[in-house]
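With our numbering applied, the sequence shown corresponds to residues 315 to 380, in that order. Don't be surprised by glycine CBs; every beta carbon is placed ideally from N, CA and C. Please read all numbers here as calculations on a predicted model, not as lab measurements. See structure below.
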Amino acid sequence: MPGLVCAHTHFYGAFARGMALGGEPAANFPEILEKLWWRLDRALWPDDVRLSALVGLLDAIRHGTT
Numbered sequence: 315m316p317g318l319v320c321a322h323t324h325f326y327g328a329f330a331r332g333m334a335l336g337g338e339p340a341a342n343f344p345e346i347l348e349k350l351w352w353r354l355d356r357a358l359w360p361d362d363v364r365l366s367a368l369v370g371l372l373d374a375i376r377h378g379t380t
């Protein structure tokens, strides 16, 4: 039985799961980028990105995504 195909993902985002952001919620997409993703991008080292990708890949396999 073939797996489901995911045509778009951000594996490094595995470390953002459940991350609490202080202050007011983001009102739009640019604010989400500024408050979460760009901060995360600046904080990660290459080994962090590799491990985050591994978490994302294992999660995809566990849920039947190829």
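(Q) Am I right that Tyr-326 and Leu-350 are in contact with their C-beta atoms under 8 Å? What's the rounded C-beta distance? (A) If you number the sequence shown from 1, residue 326 lands on position 12. If you number the sequence shown from 1, residue 350 lands on position 36. In fact, because the Cβ distance is near 12 Å, the residues do not count as touching under 8 Å.
Q) Ser-366 and Ala-328: beta carbons closer than 7 Å? A) Translated into positions along the sequence shown, residue 366 becomes position 52. Translated into positions along the sequence shown, residue 328 becomes position 14. The beta carbons of Ser-366 and Ala-328 sit closer together than 7 Å.
Q: Look at the Cβ atom of Ala-430, then the Cβ atom of Leu-347, and state whether they are nearer than 7 Å.
A: With the chain covering 315 to 380 only, the question about residue 430 has no answer from this structure.
Q. At what residue ranges does the segment 326 to 351 contain a whole run of the alpha helix (DSSP H), taking only runs of 4 or more?
A. With a minimum length of 4 residues, the unbroken runs of alpha helix (DSSP H) contained wholly in the segment 326 to 351 fall at 343 to 346.
Q. Quick one: what's got a C-beta closer than 6 Å to Met-333's C-beta in the same chain, skipping five residues either side?
A. Indexing the sequence shown from 1 puts residue 333 at position 19. Around Met-333: no qualifying Cβ.
Q | Presumed contact (8 Å Cβ cut-off) between Gly-378 and Gly-337, rounded CB distance | A | For the purposes of this step, residue 378 is identified with residue 64 of the sequence shown, where counting begins at 1. For the purposes of this step, residue 337 is identified with residue 23 of the sequence shown, where counting begins at 1. By a beta-carbon distance limit of 8 Å, Gly-378 does not contact Gly-337. Their separation comes to about 37 Å.
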